[in-house]
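Here the numbering used here = 1-based position in the sequence shown + 876. Each remark here refers to the structure printed beneath this line.
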Amino acid sequence: CNGTCPPGQICSPSGSTCQCTTPVCDSTGPCSLDIDGQRCLSCASLGDAVAVVARTNTSASAPTRTITVHGRCTGDPVVIRGLFNLVVTGDPPANTSFAGCSGDKGPQPGTLTSTVARKPPPFVTPSGSNGEVLKVIGSSRVTIKYLNIRDGHHPQHSDDGVDFKTSTAGRLFCNCITNNEEGADIDAGSCNQFVKNLVISNENGIRASSGTKFDLFQDNTAKNNNLPIIDTPSDPAGRHNGMIISESSASNNLIGNVSMGNPDDGFKIDIGSSNCVVNNSITGNGGDPNASVPPDTGACELVSATNNRVDGNQMSGNVTRAGQPSDVCRLISGSGNCGSNIPGAPACAGGATCPALSQCTVAPLP
877 CNGTCPPGQI CSPSGSTCQC TTPVCDSTGP CSLDIDGQRC LSCASLGDAV AVVARTNTSA
937 SAPTRTITVH GRCTGDPVVI RGLFNLVVTG DPPANTSFAG CSGDKGPQPG TLTSTVARKP
997 PPFVTPSGSN GEVLKVIGSS RVTIKYLNIR DGHHPQHSDD GVDFKTSTAG RLFCNCITNN
1057 EEGADIDAGS CNQFVKNLVI SNENGIRASS GTKFDLFQDN TAKNNNLPII DTPSDPAGRH
1117 NGMIISESSA SNNLIGNVSM GNPDDGFKID IGSSNCVVNN SITGNGGDPN ASVPPDTGAC
1177 ELVSATNNRV DGNQMSGNVT RAGQPSDVCR LISGSGNCGS NIPGAPACAG GATCPALSQC
1237 TVAPLP
């Protein structure tokens, strides 16, 4: 290609030649960072910019600060720890007509021009990090948006793309997340929102874990999360799923998401209660030849699941390991669940709607 690709495309190997392609969750251009609209000349990485904001934003009364990522920033894992009122954003896509995003169920491939990537090992792992590309710990009102987030998956060290841990009122909006262990995880904490993200080609898709509660997962796409599993999964729910609720997570709402092409299950609860899963599209999942039988693969699986609402979800083209249709929510263990997708379960009072998360009194930053 020799630098002749059109704007928004990159030069990729193709046999002995090369070709211009539209990248999925990637971009080009030199890395630069702004803080509150001013270029940070001392910032060589996103971690440097976070360190600047950490001087001022360690209390709930701190003013909102904005870090803007331009180009492709590759570096060590980044930790946002104990901070309040911070927006980390890429450059907005040209089209934001889908409620602020370039697509209805997450950004369209190639529309995001700012990238945060973890460099290959060896790298410096900050305190509190396990090697996640981005990790938010013990923070409130941290929003991450308009970024390609990638490359936590590596044969020597595989970890998550984004992990919100013990945080509240966080927001992950309109990001493209690829080539990681878990694509996006809410790990404990409460009242966080993952909305309109494309989580594609990771070991696992989107997860709510470690007892997190009152979170909203809406209009995301979890697609083709089938990368080879490098490390033993820390979660008993395993890998290769589209969306997971696990480890006693409760009272979370999953609404209007798309889960497709994931080899294990499109959606899974592995120890969870009082969650609401409605009006999602779950198609073409299952068939993993390495899956255990039971519990097998398919659209949906419930293990130690109590008082959950799984209703009005569109399930089609999902299969067992043996390739047989599996377009229902398989109840392995649990009780008190309701909804049209669980064979033999009673109808849910009020139908395919989720309760308001009225326990959340602090709103995330847009």
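Heads up, the beta-carbon is just placed ideally off N, CA and C, and yes, glycines get one too.
Within the same chain, show all residues whose beta-carbon is closer than 8 Å to that of residue i, passing over the 5 residues directly before and after it, in chain order.
i            : result
residue 1136 : 1097, 1098, 1099, 1100, 1118, 1142, 1157, 1158, 1159, 1160 and 1161
residue 1163 : 1139, 1173, 1195, 1196, 1197 and 1199
residue 929  : 911, 941, 943, 959 and 962
residue 932  : 938, 939 and 941
Contact defined as beta carbons within less than 8 Å: I believe residue i pairs with residue j. What is the distance between those atoms, to the nearest angstrom?
i            : j            : result
residue 997  : residue 946  : So it is not a contact: roughly 26 Å between Cβ atoms.
residue 1110 : residue 988  : At roughly 29 Å, the Cβ-Cβ gap does not stay under 8 Å, so residue 1110 and residue 988 are not in contact.
residue 952  : residue 1011 : Actually they are not in contact, since the Cβ atoms of residue 952 and residue 1011 sit about 12 Å apart, beyond 8 Å.
residue 1028 : residue 1035 : 5 Å
residue 1067 : residue 1233 : 7 Å
residue 1216 : residue 1203 : About 12 Å; that fails the 8 Å criterion.
Find out if the Cβ-Cβ distance for the pair residue i, residue j is shorter than 9 Å.
i            : j            : result
residue 1105 : residue 1093 : no
residue 958  : residue 1024 : no
residue 1170 : residue 1208 : yes
residue 977  : residue 985  : no
residue 1205 : residue 1178 : yes
residue 1084 : residue 1128 : yes
residue 1113 : residue 1124 : no
residue 955  : residue 926  : yes
residue 1238 : residue 1044 : yes
Which stretch, first to last residue, makes up the alpha helix (DSSP H) that contains residue i?
i           : result
residue 922 : 922-929
Using C-beta distances below 7 Å, list every residue in its chain close to residue i, excluding the 5 sequence neighbours before and after it, in chain order.
i            : result
residue 1211 : 1182
residue 1095 : 980, 981, 1071, 1072, 1132 and 1133
residue 906  : 947
residue 1031 : 1106
Residue i lies in the beta strand (DSSP E); which residues open and close that run?
i            : result
residue 1055 : Segment: none, residue 1055 is in no beta strand (DSSP E) and carries neither H nor E.
residue 1105 : Element bounds for residue 1105: n/a, residue is neither H nor E.
residue 1182 : 1174-1182
residue 1190 : 1190-1192
residue 952  : Element bounds for residue 952: n/a, residue is neither H nor E.
residue 1142 : 1141-1149
residue 977  : No beta strand (DSSP E) holds residue 977; DSSP gives it neither H nor E.
residue 1080 : 1080-1085
Closer than 6 Å by C-beta to residue i: which residues in its own chain qualify, once you throw out the five before and the five after it? Chain order, please.
i            : result
residue 1020 : 964 and 1048
residue 1153 : 1130 and 1186
residue 1063 : 1039, 1041, 1085 and 1086
Touching by the beta-carbon criterion (3+ pairs, under 8 Å), the region 1171-1184 and the region 1144-1153
yes
Please determine if the region 1002-1018 and the region 1072-1083 are in contact, where contact requires at least 3 C-beta pairs separated by less than 8 Å.
Contact between the region 1002-1018 and the region 1072-1083 is absent: fewer than 3 CB-CB pairs across the two stretches fall below 8 Å.
Determine, using beta-carbon pairs with one atom in the region 934-954 and one in the region 1209-1226, whether at least three such pairs fall under 8 Å.
no
Can you find at least 3 beta carbon pairs, one from the region 978-987 and one from the region 1038-1048, that sit closer than 8 Å?
no
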